[in-house]
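In the working numbering, the protein residues as written are 34 to 211.
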C-alpha cells in the first residue's frame with residue numbers, strides 16, 4: 034500500500050477528480066477528506082488523505098501531492114517525496130529547507146516535469162531528467178500524451194502525471210511508455 038498526502042485548499046478538487054476517474058482504473062484508491070472516506074477501483078491499494086494542512090505526520094517514505102496554492106507550514110517526515118508547483122514561490126521557499134525529495138512540476142524546462150505542447154483537449158507532459166520511481170526503477174526522460182479534462186488545471190494534470198510515473202503505473206498507457 035502507498036499513502037499519498039494531498040495538501041491545500043479544500044475547494045481545489047482536481048486531484049480528487051483525477052484519482053477517482055483515472056487512477057482508480059488500475060488501483061484501489063481509498064480517498065479521505067472532510068470526515069468522509071470513499072473507495073474506488075481494484076488492484077494495488079493507494080490511500081489518499083486530502084486536507085488543507087497537517088499538524089504532524091508519522092509515516093515511512095510518504096508521498097505528498099501539493100495543490101497549486103498550498104504553502105506547507107509543517108515538518109515533512111524523513112524520506113518524504115513531495116510533488117510541488119514550481120510556479121508557487123512561497124511553496125518553493127517552504128520546501129527549500131525541508132530536507133524532502135522535491136519533484137517540481139511547472140512550465141519551465143528546468144522543472145522535473147513540464148510540458149512540451151498544449152491543446153484544448155490534451156497536453157504532452159515531459160519528464161526532463163532521469164528519476165527513480167518508488168519501485169526502484171530508473172525512468173529516463175520521456176514525453177507522455179495526456180488528455181485534459183474540462184475544468185482541470187494544467188498544473189494538477191502535470192503533478193498527477195508525475196505521481197503516476199513515480200508509482201510506475203505499469204497497468205496503464207503510462208506504464209507502456211516507461
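For glycine and all other residues, C-beta sits at the position ideal for the given N, C-alpha and C.
Since the model is a prediction, treat every value here as computed from it, not as a measurement.
Could you spell out where the alpha helix (DSSP H) holding residue 51 opens and where it closes? 47–54
Contact set for residue 57: own chain, Cβ-Cβ below 6 Å, skip 5 residues either direction: 73, 74
Mind checking which residues open and close the alpha helix (DSSP H) that includes residue 69? No alpha helix (DSSP H) contains residue 69, which is instead part of the beta strand (DSSP E) from 69–73.
Distance, residue 151 Cα to residue 112 Cα: 33 Å
Can you name the residues that DSSP bridges to residue 188? The partner list for residue 188 (beta bridge, DSSP) is empty, contrary to what the question assumes.
Unbroken alpha helix (DSSP H) run spanning residue 128, endpoints: 122–129
Measure the C-alpha to C-alpha separation of residue 41 and residue 47 and round it to an integer number of angstroms. 11 Å
Residue 60, enclosing beta strand (DSSP E) - first and last residue: 60–66
Through-space distance from residue 55 to residue 187, alpha-carbon basis: 16 Å
Exposure label - residue 126; buried when at least 16 CB within 10 Å: exposed
Collapsed DSSP secondary structure at residue 167 in the structure displayed: coil
Could you check the C-alpha separation between residue 144 and residue 83 for me, to the nearest Å? 24 Å
Work out the CA separation of residue 117 and residue 201 for me, nearest whole Å. 18 Å
Collapsed DSSP secondary structure at residue 108 in the structure displayed: coil
I'd like to confirm something about residue 109: is its beta-carbon nearer than 7 Å to some heavy atom of the ligand NAD, or not? Ligands displayed in this structure: none; no statement on the ligand NAD is therefore possible.
Quick check: the segment 64–72 against the segment 146–161, are at least 3 beta-carbon pairs closer than 8 Å? no
Compare the C-alpha of residue 194 against each of 34, 76, 137 and name the closest. 137
Determine the direct distance from the alpha carbon of residue 162 to that of residue 171, and round the result to whole angstroms. 10 Å
Comparing the C-beta of residue 79 with each C-beta of chain D, is any distance below 8 Å? The structure shown contains no chain D; it holds only a single protein chain.
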